[in-house]
Each structure stands twice: as C-alpha cells, then as structure tokens.
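Student: Residue numbers (this note's numbering), protein chains in the order written: chain A, 1 to 367; chain B, 368 to 693; chain C, 694 to 1054.
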Amino acid sequence: MASIRLSSLSKRFGQVTAVDRLELLIPDKEFVALLGPSGCGKTTTMNMIAGIERPTEGRILFDDRDIQNLPPSRRDVGFVFQNYAIFTHMTVYENLAFGLRVRKLPRTEIDRRVREMASLMRLDNRLDWLSAKLSVNELQKVAIGRSAITEPAIFLLDEPLSNLDAAFRAFMRTELKHLQHQFQQTMVYVTHDQIEAMSLADRIAVMNLGVLQQYGSPAEVYNQPRNTFVANFMGSPSMNLLPCSAVENNGVPALSFGEVGMLSLAQDDALLRRFRTAQAPSLVFGARPEDMEITTSDNDAGLAATVTFVEPIGPRTVVHLDMGGKTIKIAKEKRFPIGIGSRVNVVPPRGKCHLFDAESGAALGLE
Amino acid sequence: MTATTATEGKHRRGKKPGVTPLEAEGLRLGFLMSLPAQLLLLFIVVFPLLMQVYVSLTYWGPLDGESWIYAYSSLNWFDNYGELFADGRFWGSIGRTLLIVVVCVPIEFLLGLGLATLFVDRFPGRRIFYSILLTPMMIVPAVAGYMFFMMFQSTGPLNDLFSRITGLTVDFVWLSDNDLAIVAVMIADIWQWTPLMFLILLAGMMGVPEDQLKAATLLGANAWQRFWRIVLPKMKMVMIIALVLRAVECFKIFDLLFVMTKGGPGIQTESISLYIYKLTFADLEWSYVAALGLFMLIALSLLAWVGLVAMQRAQARAQAPGGAEA
Amino acid sequence: MAELELIGVNKSYGRVVAVKDINLKIADNEFFCVFGPPSCGKTSILRILLGLTQPDEGEIRINGQRVNEQGPKERNLAMVFQNLALFPHMTAGENLAFPLVERKIDKTEVKRRVQAVAETLHITKLLRKLPAHLSGGERQRVAIGRALVREPTAFLMDEPIAALDARLREEMRVELKRLQRELKHTLVYVTHDQEEAMSVADRMAILEGGMIRQVGTPDEIYNHPQSRYVAELIGSPPMNFIAGTYQPQNGRFVASAVPLELDLAARADGDPCDARLAIRPEDLRIHEAGNPRAALAAEVYEVEPLGAFTIVDVNIGETILKVMEPGQPSYRLKQPIALGITPAKCHVFDGATGVLLKGAA
C-alpha cells in the first residue's frame, strides 16, 4: 500500500519532451488512469514510476520516500505489459511462481499461493500449459496473476485490455475493477480508451503532448472539462464544439453562430455566468451529443441544421447534422424517428453548455 | 459457442497438411529450377566419395604408376581398415585432438558467454571493443599460428614478460616441450576462436525478448536470476549450435598446429588432420588415407547427429502442446 | 447498377468447410455488411463473388446472369483491401490512373476519368502527393478512387478501415456511407466490428462457421435476433442471459439460479424445456429496493460511469447482469436495489440449440 507523488517530473529524449513538469498525487488504494492519445507521455510516466525509465528532472515519491535510486526490482511494483511479456519457455505455473521463486520463498508456500491465484484467475486447468497454446484472454490473466501474486504495493497496467476482443474486454473491465476493490492496491492504469478510463478509474489524469490537461474524477473530467482538448477527448461521440462570437442582441448577451443562428443567454444562468468571464469575443461553444435536443418546430430558439446521416448503434441512435458546414452529432434513444435531409432546429441543453476561449481553448467560468 | 470453436479448430488444422494447387505448382517449378544444381552436387559430392570408397579397399598409391581406375589390381578389401584399428599413432592423434576439443571448446564457450553478457548492455566504447574483440577471428589461421609461433619462442615476448614480472629468468621452451607445446596450441586456438563463440552467443542473447527481461526485473529478479531463469533457457538452442559448430571445427584443427609445431616435438601435438596430411604428402599412403578419411567422416557425422538430436529435443520441448508435460 | 446473388453456394478445402449453403441476394445500390467473428467465412464470400475462388457447388449471379464461368476481370467487381495496398512510390494521381494505364487506355481519357473521380471524392488537391504524405482518411479515399476509375459493377470491401484508430474509424464509416449514397453503387462490406456494421449497413448478414445465421436490417438484427448466437454477438455492452425453464403452453419462464418467474404473454405448443431468457442492458430498469413493481432483488456489483450513460453491474447471488442507465446516476457498491424486467422486451432462446422460442414484441 502506497501513495505515489510525482513532483515536477520531466523526461526528454534528445530534443523531444515526452513528459513536461508533471505534478500528480496518486493517493493510496486509488485507481488512477493515465489517459491520452498515443505520444502523450502516459507510458513514459508509467515507465518512470516502475524504474524502467530514468526521469530527466523531478522526483518520484512512494509514501513520501524518494525512490530515485531504488532499482526497479526493489520498488515493489507489479507491472502488466501491453503485450503481457509472458515467459514463453515456462508453463503457466512457472510464470505465476516466478516472482515468488526469485524471492526464495519455501516451495510449499509457493505452491499454495500459485494454486490460490490460479483459482482466482480461473486458470486452474491451464497450469501445465506453455504460453504458446494459451488464448489472448488467458495470457492476459496470467500476466495479471503473475504480478498480483507478489502482492505489490503498487500495480501498474499498460493498456492491458487493448488486445482483447470486445466482449471479453467488457467482462475484464468489470473484473479488473472488482479485483482492485479486493486487493486494495494503488493502481495506475495507462490507456488511450476513454471508455476504459471512465469506467475503471477513481481519478483520471488526461494528458496530451507530455502535459497534464486535467486531473479529476471521471464525472469531473466528463462534466467540467478544463479545455477543448479534454472536452473533445472524453465521450463517444465526442462533445460538439462550435466556434462562435459574443454579441449583444437587443441588449441581451448572446452567442452568434453566423448564418446558423443566434443563441440568447437570457434563459441560461450558468452559461451567462461563464460568458461574463470571457476576455475576448471569439469563443467556442460546447455541448454533449446526449444533452442536445432536436425539434422540428420553427418558433423554438435554436440553431438551424440539416440531418445528413442517421446511425442506429444498438441502444442509441446517433444523428449527424450539418450546421453551417460543421458536423455535429446528437445521440438519441433507440429507433429515434428522423429522416436524412430533414431540416431541424437544434436546442442546446440549459445548464449543460460549455464555453471555451477560442484562442487558448481554456474553459470559461470553471470554478 | 462450442460449435464456433470447433469449426475454428478445423480451420487451423486444415491449413497445415493440404497443399493447394498454387503451392503444388510452386513445388514443381522449384524442382525443375534446382535440377541442374542437384546434378552438379551429385557430381561434386557423390563421385569423389565413391572414388574414395573404392580406393580405400586397395593398396593403390601414387607410386604404382597407374591411374586410380586400375586400383582393383591391388584389391585388399578391408585390410586398410584393419590396419587403422591397430595404428597407435592414429589413435594417439585422435586422443590428442579430442583433448584439444574438450579443453578448448568449453573455455571458448564460457569466455564467449561472459563477453556476450557484457556486450548485451550498452556502454561507452562498446563498438570499438566489439571490433577489437572480433579481429582474431578475421586473421588467417596460418598467420595467427605464425604470431603465436613467434610469441612462444624461448626468447620471445612471452617469456620476456614473465621474466620481468617474476624477476627470474624464465626460459620455457614452449613449442619444444613435451607438455607445454600442446598448451601453447590450445591458448592460440582459444585466442582465435573465442570471438566466434562470442558472436554467436551475443546474437542469441540479443534475441531474448527485452520485455520478458523487464518483466522479470519488475517481478523482483536480480541480474543473476534473470540470467539463470530467462536468458539461459531461452538460449539453449543457440548454445547447442555454437558448441556443435565449434566442436566439429576444432576437431579439424590443422593450420595453427602446422605453423606452430608441425605436430612436434615428435608427435606430441599431432592432430588427426596433421597426421592425415603427413600420411598423404610424406608417406604417400593414399589408399590408407582414403580409409582413414572415410572413418573420420562417419565419426564426425555421428558427433553432429548427437548434437542435432539434442537440438531437436530442445525444440520439441519448446513447442510441446499444452498439458503434454508438467 | 448491380444486383449480386449467391445461390446454394458451398466451398470446402478438404475436410474444412469455408462456406456452406449460402443463399444471399444483395439488392442494387445496397450497402450490405457481412459480419462475423474471425474465420467465419466472411472473406471466402468476397473471394467467391470476386471470382478468386471457385465454389464447389452453387451459382453466382450478377444482375441475374450466371457468372460462375467468368474470371475476376470479366465480372468487373472492385475490391478494396484491408491494408489499402496503395503503391507507395506513386502519387495519389498515379495510383488512381494505374488500373487504366494497365489496360492501355488512351492518355486523355485516363486524365479525364481520374479528374472526374478525384472530383467526386474531393481529392483533386491531393493528386500530386505520395501516399506517405496523406492522412488515413485521405488514403482511404484514394484507394476507393483507384477502384472507382475502372467503373466497376459493384464494390467489395474487406475491413477497409480496421487498421485505423477508433476516432478515425467513426469518421471514416460515415464518410464511406456518404460516398456509397452519392456514387449509387452496390457495396458488400466485410467487418468484425458490430458497431461499424450497424452504423453503415442497409442490411447485414451474420455468419457463423461458414453459414448464414440471419439476414436483416440492423434494426431487425438488434431487436429481433433469431438465435442466441446473433443475440450474443450484437450489442455492446452484451445482452444478459438468465438460465431457466420455459413453458410454451402458458408462456411462463422460471429461472433456475435466481428467484424469477415471468409471464411472457405468449402461447404456443411444445413441452417445457431448458431455456435462456435474454434481455438487453438498456431494457433493464433499476428501482429502489423493495419496489413492488420490480421483478428481482439484486445488489450493485460494480458501477461503470461512461458519461452519456452508466453501466451498472448488479448481482443476484453468482449471476451478474449488466444494466445500462442514461446519464450519471450514483450507486454505492453492494447497495440493495430492485430490478425491473419488462416481459415484452424479453427474448427466450432454447437452452440447447440456441433457437429463438419467443421473440420480443
């Protein structure tokens, strides 16, 4: 059990800055996801925590203890590799036993713990198998079991679900979360899949180009994105972001979307408050696809759009609309009745709209 | 679900045995294209071999003044082979050669393995050291032999060095001493062929997946445990290849010896190759040499076969189906 | 421009069955998806249509004409491969012109056709670039363009966007659908991504072990699966299954591992049998514990908030069911809840054969 503190941690490879002055506190027993697109520095950060990579600057502390000079083999971290790195010349049993054997535990104790772990991971009848014969799903279980068996204080997982098929991935997501609740370990999880991060983590650290964009609970990151990057990265389909400008319409502050229409802010206090903090007139308006409404009546205050495509994706219908040359998506329930080519009004959700500065991309009026 | 897996299993199994028409066409074409080469090979390998078998059953020699084709006039069946088994000098040379193999190959192997372990990690100057290490292998064996011939002279640099270190007058007559001569030859062989071992073992070591080594480290294994539990088992195949290759090569040792000692003093360092050379060019016992050569061919083939079987066993274990063994 | 038809097609390699009893009619101007897990015969169907593989039995028809005896060139179907297979040393324009130059078509004609195709695909500005300098989506369009210049009868695509990352895939599939609408070509599209198939397909075929399990619109496939296999394969999060016994005569389902009895308001002949009750995660409702309208008492096992909706895993003893709720409701772990099941939304499949016994309304 340990907390992890990253203090102005940087890593440069020659001219390239992979991680830039990262500040992060991962509390004991929490499940934290490092989330971002490829090349955002999430794996480098994880490798530095494990000791595979040496930081260029900054410090890593486990429970306030600087571990800079502690070799990886003595950091007491469990690491699950993306490709699992199963020892191919060993059986499942030998793989599971490895961490205990190198610690020179008594043979009977090793045997007992290996069998316990095997039954927990449902690998009982695979113990004698070599890895070449295992399915990807089983390899993944061996990889997790092999690390978990040494009961490390910190568990690091590098995209462990990315090679699995969709059904097993959904199953493993639940299982992994349940395992973490059972083991009560600090877990750091690297992923590029926002759904995985949302569903598993207690907190999410969103990274881009080596810089931490936002760190908070899944709900915070989803509902109060700090900038357009986070807003766009979280959610599927992602948040609709529309450039607009601040204007006054008959003395009432409003957002102008050019030919598409005007959005009066008189009705929406939350949006108005955000609007008042704007420094420049050029803004980006944001609203989640599932929050937006579609109406066909003309007198509604809304933005004009044309339906270009309707995707029925199982439980939901995603409606694609053309709004002045920009595509927006609105998620509705199953079998939502609408035809391609319909001209409609899009009504943004009151109290659930976001506003960003067009230049910096920073969210406005976020406390 | 069971139905799915069953059909998938069938698919996988189905791919191996059946030869598609396209593949069959490829095979036919391959056979035709390689036919000239196969005929050539037949001429190069099979013909001399048959000739050798034939000559080995006679007393034919170059002084007979007849072409080898008429060697049947002195047909003696297996006399040459009988003689071979009673030939003390022959068995002595075999024993000596084996001694060199048994001493040199393991030492070369261990040195090579040690060096490979050093070189698998990056360190400053690695490339330069690497090139220097490989030079002995590039030197023509005869030249290497000459270098050691000079070095082991009783007034040579080696004795000089020892004298300076110990402060005594060291004047070993290395190459003329009954016991020291073979040691000198072994040192030369080790010097020249450790680099090859090193090269092969380094290649094998580089092939050990890095992520598995990282995983082992993070599971708490120290350097020694990583080497013992991950690197060694994964290099088994490469090690067998390296050992067999060097053993067979070392068994044929000739040029180093020829330049350094010519088998002397007396026949104290005479290897089997050197003995055969002397029989051929000094004694002109060609039919006896033919018998001896055949005998050696069979012996070496057996040696290689043993190595191959060991290799196949290792391979079979690596690919054993799940559950087949504990 | 083309109606494709497979009638009683069989193909095996030795003892291995690639496809079996395939009867498929793909209408003109249809976006038709062939969906299934790896090695279920998807690609074999494409190869048979293309003329790369001869079926052991059965007939292939294009526009009602038997084409079994025709080679790939005569059938003139265009194939876009998974890896796109653009020539890296040629510019986009040269790639587009390649099939025409191969056929020794007049230079001015080549130029005209390349230009026309480039305009349709909005890639006129990219013609001078090498594939290495194009984005994934642009490469995709060039690959389609190269197939299009030949003026093929229909398009066949084998997982053309499987290698792209998730975001780009979402964009590309919409783009593909738009293109297909505009070009008015028949398109047969192979994929193993169920969301992709549902998103773009006018109709789709679900395959298992070389056989067609169901053909229908995405709506039919999703809401009216005809077998447990199809029900399991389609939908994310996957459908929930509860084991039990079904009595067709009075339409009752009695669960074996959980205390659940449902009247499914259906009457049919037949003996009671081992069965699986199936219901989609979004059709289950979570009520407060003790709610009299609810069917089942359960506990919260895990909560997966996904922003737009939340997946709540609930357990009744050892049985775990996934419930999909809109928005971001909050639950405690192990919180007792009650589960509402609407009988009309339940499917019942035979426990042994997986055949549909009673469909949802």
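Ideal placement from N, C-alpha and C gives every residue a C-beta, glycine not left out. The structure displayed is predicted, hence computed values, not measured ones.
Measure the C-alpha to C-alpha separation of V347/A and D202/A and round it to an integer number of angstroms.
Tutor: Start at 1 with the first residue of the first sequence, and residue 347/A comes out as number 347. Start at 1 with the first residue of the first sequence, and residue 202/A comes out as number 202. Near 33 Å, if we compare the C-alpha coordinates of D202/A and V347/A.
Student: Quick check for students: name the residue ranges of the alpha helix (DSSP H) that lie wholly in the region 144-222 of chain A, counting only runs of 4 or more.
Tutor: Listed in chain order, they are 166-183 and 194-200.
Student: Hey, out of R65/A, T327/A, S297/A and R316/A, whose CA is closest to R343/A's CA?
Tutor: Position 343 of the first sequence, counted from the first residue, corresponds to residue 343/A. When only C-alpha atoms are compared, the closest one is S297/A.
Student: Using three-state DSSP, classify R489/B as helix, strand or coil.
Tutor: Position 122 of the second sequence, counted from the first residue, corresponds to residue 489/B. Correct three-state label for R489/B: coil.
Student: May I have a chain-ordered list of the beta strand (DSSP E) segments no shorter than 3 residues that lie completely inside the region 228-269 of chain A?
Tutor: Counting only runs of 3 or more, we get 240-249, 252-256 and 262-264.
Student: Strictly below 7 Å CB to CB, what residues from chain B border G99/A?
Tutor: Here residue 99/A refers to the residue found at position 99 of the first sequence. Those within 7 Å of G99/A in chain B are L586 and G587.
Student: Inspect the beta-carbon positions of Y1024/C and V993/C and report whether they are closer than 8 Å.
Tutor: Stepping through the third sequence from its first residue, residue 1024/C is reached at position 331. Stepping through the third sequence from its first residue, residue 993/C is reached at position 300. Yes; because the gap between Cβ atoms is below 8 Å, this pair is in contact.
Student: Judging by CA-CA distance, which residue of N722/C, V702/C and I715/C is the nearest neighbour of A894/C?
Tutor: In the third sequence, the residue the question calls residue 894/C occupies position 201. It is N722/C whose Cα lies nearest to the Cα of A894/C.
Student: I need the DSSP call for P1019/C, collapsed to helix, strand or coil.
Tutor: Counting from one through the third sequence, the residue named residue 1019/C turns up at place 326. Strand, per DSSP.
Student: Please classify Q592/B: is it buried, with 16 or more other beta-carbons within 10 angstroms of its beta-carbon, or exposed?
Tutor: Here residue 592/B refers to the residue found at position 225 of the second sequence. Classification for Q592/B: buried.
Student: Return the CA-CA distance between Y939/C and N916/C, expressed in angstroms with no decimal places.
Tutor: Taking the first residue of the third sequence as position 1, residue 939/C is located at position 246. Taking the first residue of the third sequence as position 1, residue 916/C is located at position 223. Going by the C-alpha atoms only, they are around 20 Å apart.
Student: Quick one: complete alpha helix (DSSP H) runs, 4+ long, within the region 499-538 of chain B?
Tutor: List check, alpha helix (DSSP H) in window: 508-518 and 524-533.
Student: Run the CB neighbour count on I753/C, radius 10 Å, all protein chains shown included, and call it buried at 16 or more, exposed below.
Tutor: Here residue 753/C is taken as the residue at index 60 of the third sequence, counted from 1. So I753/C ends up on the buried side.
Student: Can a CB atom of chain C be found closer than 8 Å to the CB of P160/A?
Tutor: Position 160 of the first sequence holds residue 160/A. So no, P160/A is outside the interface.
Student: Taking the beta carbon of V996/C as the centre, do at least 16 other beta carbons fall within 10 Å, making it buried, or is it exposed?
Tutor: For the purposes of this step, residue 996/C is taken as residue 303 along the third sequence, with counting starting at 1. Per the 10 Å Cβ criterion, buried.
Student: Anything in chain A within Cβ reach of L999/C, meaning under 9 Å, just list it in chain order.
Tutor: Here residue 999/C refers to the residue found at position 306 of the third sequence. Within chain A, the residues near L999/C are Q194, I195, M198, S199, P218, Y222, G235 and S236.
Student: Apart from the five residues on each side of it in sequence, which residues of its chain come closer than 8 Å, Cβ to Cβ, to R74/A?
Tutor: Position 74 of the first sequence, counted from the first residue, corresponds to residue 74/A. Closer than 8 Å at the Cβ level, and outside the excluded window around R74/A, lies no residue.
Student: In the DSSP assignment, find the unbroken alpha helix (DSSP H) run with A721/C in it and report its ends.
Tutor: Position 28 of the third sequence, counting from 1, holds the residue named residue 721/C. Sequence check: residue 721/C is Asp here, not Ala. Careful: D721/C lies outside any alpha helix (DSSP H) and carries neither H nor E.
Student: Measuring alpha carbon to alpha carbon, tell me which residue in D28/A, V307/A and E359/A is nearest Q180/A.
Tutor: Indexing the first sequence from 1 puts residue 180/A at position 180. Among D28/A, V307/A and E359/A, the Cα nearest to that of Q180/A is on D28/A.
Student: Is the distance from the Cβ of P974/C to the Cβ of P930/C below 8 Å?
Tutor: Position 281 of the third sequence, counted from the first residue, corresponds to residue 974/C. Position 237 of the third sequence, counted from the first residue, corresponds to residue 930/C. In contact: P974/C and P930/C (Cβ atoms closer than 8 Å).
Student: Give the secondary structure of P600/B by DSSP, where H, G and I count as helix, E and B as strand, and everything else as coil.
Tutor: Counted from its first residue, the second sequence places residue 600/B at position 233. If DSSP states are grouped into helix, strand and coil, P600/B belongs with the helices.
Student: Just checking: is the beta-carbon of R973/C within a distance shorter than 8 Å of some beta-carbon in chain A?
Tutor: To locate residue 973/C, count along the third sequence from 1; it is residue 280. Judged by the 8 Å Cβ criterion, R973/C is in contact with chain A.
Student: For a cutoff of 8 Å on Cβ pairs, would you count K377/B as touching chain A?
Tutor: For this step, residue 377/B is matched to residue 10 along the second sequence. A caution first: K377/B carries a pLDDT of 37, below 50, which makes its placement in the model unreliable, though a value can still be read off. For K377/B, the answer is no, since every Cβ of chain A falls outside 8 Å of its Cβ.
Student: From this set, L355/A, D291/A and F356/A, which residue's C-alpha is nearest K329/A's C-alpha?
Tutor: Numbered from 1 along the first sequence, position 329 holds the residue referred to as residue 329/A. Comparing Cα-Cα distances from K329/A to each of L355/A, D291/A and F356/A, the minimum goes to D291/A.
Student: Is the Cβ-Cβ distance between I1030/C and V1007/C less than 8 Å?
Tutor: For this step, residue 1030/C is matched to residue 337 along the third sequence. For this step, residue 1007/C is matched to residue 314 along the third sequence. Cβ distance < 8 Å, so I1030/C and V1007/C count as in contact.
Student: Check whether the Cβ of Y915/C lies closer than 8 Å to any Cβ atom in chain A.
Tutor: What you label residue 915/C is simply residue 222 of the third sequence in a count that begins at 1. Taking Cβ atoms only, chain A reaches closer than 8 Å to Y915/C, which makes this a yes.
Student: Spatial neighbours of F725/C within its chain, please: C-beta separation below 6 Å, excluding the five flanking residues on both sides.
Tutor: Sequence index remark: in the third sequence, residue 725/C carries index 32 (1-based). I719, V881 and R896.
Student: Using the Cα positions of L1032/C and Q758/C, report the straight-line distance between them to the nearest angstrom.
Tutor: In the third sequence, counting from the first residue as 1, residue 1032/C sits at position 339. In the third sequence, counting from the first residue as 1, residue 758/C sits at position 65. Taking the straight line from one Cα to the other gives about 55 Å.
Student: Is there a C-beta anywhere in chain A that falls below 8 Å from the one on K870/C?
Tutor: Here residue 870/C refers to the residue found at position 177 of the third sequence. Yes, contact with chain A.
Student: Would you please verify whether the beta carbon of D578/B is less than 8 Å from any beta carbon of chain A?
Tutor: The residue given as residue 578/B occupies position 211 in the second sequence. Output row for D578/B: interface = yes.
Student: Determine which residues share a DSSP beta bridge with I1004/C and list them.
Tutor: The residue labelled residue 1004/C in the question sits at position 311 within the third sequence. E997/C and M1017/C.
Student: Name, please, each residue of chain C whose Cβ falls closer than 7 Å to the Cβ of K177/A.
Tutor: As a position in the first sequence, residue 177/A is number 177, starting the count at 1. Result: E995.
Student: For P72/A, would you say it is in contact with chain B, using Cβ-to-Cβ distances shorter than 8 Å as the test?
Tutor: Residue 72/A sits at position 72 when you count from the first residue of the first sequence. Cβ-Cβ to chain B under 8 Å: yes for P72/A.
Student: Sorted by chain position, which residues of the same chain lie with C-beta nearer than 6 Å to F168/A's C-beta, five sequence neighbours on each side aside?
Tutor: One-based indexing of the first sequence puts residue 168/A at position 168. Once the five neighbours on either side are set aside, the close Cβ partners of F168/A are N137.
Student: Please identify the residue among E109/A, S135/A and A362/A whose C-alpha is closest to the C-alpha of S282/A.
Tutor: For the purposes of this step, residue 282/A is taken as residue 282 along the first sequence, with counting starting at 1. Cα-wise, what sits closest to S282/A is A362/A.
Student: Out of H320/A, G314/A, V284/A and S119/A, state which residue places its alpha-carbon closest to the alpha-carbon of D373/A.
Tutor: The structure shown does not extend to residue 373/A, since chain A is modelled only from 1 through 367, so no value can be given for it.
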